[in-house]
Amino acid sequence: MKTYNQERAKEDAKISNDFARVAAQTAILSNGGAATAILAFLATIFDSGDGTANAIVSAVPTTLGLYALGVFFGVASLLIALWSIERYMLAWRGEGEKYWKHGDISWRAVLILIGLSSIMFLGASILFAGQVSSISFAPK
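The structure is reproduced here in structure tokens:
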């Protein structure tokens, strides 16, 4: 029975680690990439000198802040996932029932943080898209 539990602990840890790593990387890259794209877009508009940048600038701090929160939630989810996996491994090794509870609670936190990161991405993107769509760009 001990061998089965040890193998199960290793397999659970591998699967959980793979999931957490991919989800956290996606959250970090999508939010970070979007923030970078906005900064590049702003640089292009400011360089054009036609005054449209002033209408967009008001949405930039909030948008970048939401993307930054999305990155933070993604990083936090990865760190908590690692801790959660460790709790489950301890539980499978028979270290104590409390580790099951710790693992369950922290894993729920991971899922919530990944969801929050996605919400930050959507909210920031919708906010910025709404701001940009209200501007009429004059052809050169």
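Here the working numbering = 1-based position in the sequence shown + 16.
We put the beta carbon where it would ideally sit given N, CA and C, even for glycine.
Span separating the alpha-carbon of residue i from that of residue j
i      : j      : result
Gly112 : Val126 : 22 Å
Gln147 : Ala43  : 23 Å
Leu98  : Ala75  : 35 Å
Leu58  : Ala69  : 7 Å
Glu23  : Val38  : 23 Å
Lys114 : Leu45  : 34 Å
Pro77  : Asn33  : 34 Å
Ala25  : Leu132 : 28 Å
Residues near residue i in its chain [Cβ-Cβ closer than 7 Å; skip 5 each side]
i      : result
Thr79  : Ile54, Ala140, Leu143 and Phe144
Ser122 : Ile96, Trp99, Ser100 and Arg103
Beta-carbon contacts of residue i that lie in its chain and below 6 Å, excluding the five residues immediately before and after
i      : result
Ala51  : Leu80 and Tyr83
Leu129 : Phe89, Ala92 and Ser93
Phe62  : Ala69
Beta-carbon separation (whole angstroms), residue i vs residue j, contact threshold 8 Å
i      : j      : result
Asn47  : Gly110 : About 40 Å separates the two Cβ atoms, so there is no contact after all.
Trp108 : Asp28  : 7 Å
Residue i in three-state terms, based on DSSP
i      : result
Glu111 : coil
Ala75  : coil
Ser133 : helix
Lys151 : Lys is not the amino acid found at residue 151; the sequence shown has Ile there. Reduced to three states, the DSSP call for Ile151 is coil.
8 Å CB neighbourhood of residue i in its chain, flanking five on each side removed
i      : result
Met136 : Asn47, Leu82, Tyr83, Leu85, Gly86 and Phe89
Ser150 : Ala71
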